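Numbering (the numbering used here), first residue to last: 248 to 548.
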């Protein structure tokens, strides 16, 4: 099965994890309108009260607490945590591959659905973007807290229609994604990252200037090493090819190409300061995402 079951993705909402996808601690401020958080919320909300110290803004004095204690106290505010979350999914034909348990396309859909449900449960606006086998090569769902946006995302993830669309690289997609993503958004990019071209780093850097970016790679163990089992037939929806896995020379070249691809991706992640979550086809998606997002939250705290 190349496509996920819609009912499975729908049922994720019955057991939604409220992951700390905002991942930054609120920054307290004693001046309304000031915010030092790198994530732009919708305003400030009351956080706590503390004693007044010289230099504080007297406009934020809590007069009730001051009268009760006999000492001047100040209201502290923190930035509201609501933000836009964009889940970007690679639906190119290379994602329809798998040798262990399931296909990359299904794991990607599961990850996207879980992140979408989590964003809704955390009262964030959530949108989605797709590139590859969709009409015109790209599709967008604007960030919203409505169930309609959620529904459209889940339906797109399960779309069985074959459009025979030419492959669309992540680099090309980022030109349009940059314009669609609101400032301060959290962007998850789910892909196998099998195509890394010269412009990818520059366009990821442009996105990262106004958004927080998390890469989620979906891969199959066989993509690193071809098993020595003779002829291997690789196919997608409309073409196929054969590889002789007994050919040691060809197998080594293939593995070197894979290593170069992963090193190129690692270099981009490290140089830009992006976050990277690795998922494989045998993995329990919910378990890995829960663990990795907690790790990222601790790292950024």
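Even glycine gets a Cβ: it sits at the ideal position worked out from N, Cα and C. All values reported here derive from a predicted model rather than from experimental measurement.
Decide yes or no for the touch test of the stretch 372–392 against the stretch 295–308: beta carbon pairs closer than 8 Å, at least 3 of them.
Segment contact: the stretch 372–392 against the stretch 295–308, fewer than three CB-CB distances shorter than 8 Å; contact not assigned.
Is the closest heavy atom of the ligand ADP to the C-beta of residue 510 under 7 Å?
What this structure holds is no ligand at all, so the ligand ADP is not there to describe.
Excluding sequence positions up to five away, which residues of its chain have a Cβ less than 6 Å from the Cβ of residue 362?
Within the same chain, residue 362 has close Cβ partners 334, 435.
What is the rounded straight-line gap between the Cα of residue 322 and the Cα of residue 297?
In a straight line, the C-alpha of residue 322 is about 7 Å away from that of residue 297.
Pick from 353, 379, 366: whose alpha carbon is nearest that of residue 405?
Comparing Cα-Cα distances from residue 405 to each of 353, 379, 366, the minimum goes to 353.
Can you list, in chain order, the residues of its chain with a C-beta nearer than 8 Å to that of residue 528? Leave out the 5 residues immediately preceding and following it.
Annotation for residue 528: 345, 346, 347, 348, 349, 350, 351, 354, 465, 466, 467, 468 place their beta carbon closer than 8 Å to its own, counting only its chain and skipping 5 residues before and after.
Residues of its chain near residue 521, where Cβ-Cβ distance is below 8 Å and the 5 sequence neighbours each way are ignored:
Hits under 8 Å: 451, 455, 460, 461, 462, 515.
Helix, strand or coil for residue 320, going by three-state DSSP, please let me know.
If DSSP states are grouped into helix, strand and coil, residue 320 belongs with the strands.
Looking at residue 410 and residue 381, is the spacing between their C-beta atoms short of 8 Å?
Going by C-beta atoms, residue 381 is nearer than 8 Å to residue 410.
Helix, strand or coil for residue 285 per DSSP?
Because residue 285 carries a pLDDT of 31, less than 50, the predicted location of this residue cannot be relied on, and the following value inherits that uncertainty. Coil, per DSSP.
Is residue 385 helix, strand or coil when you go by DSSP?
Correct three-state label for residue 385: strand.
Where does the unbroken alpha helix (DSSP H) through residue 419 begin, and where does it stop?
For residue 419, the enclosing alpha helix (DSSP H) covers residues 417–427.
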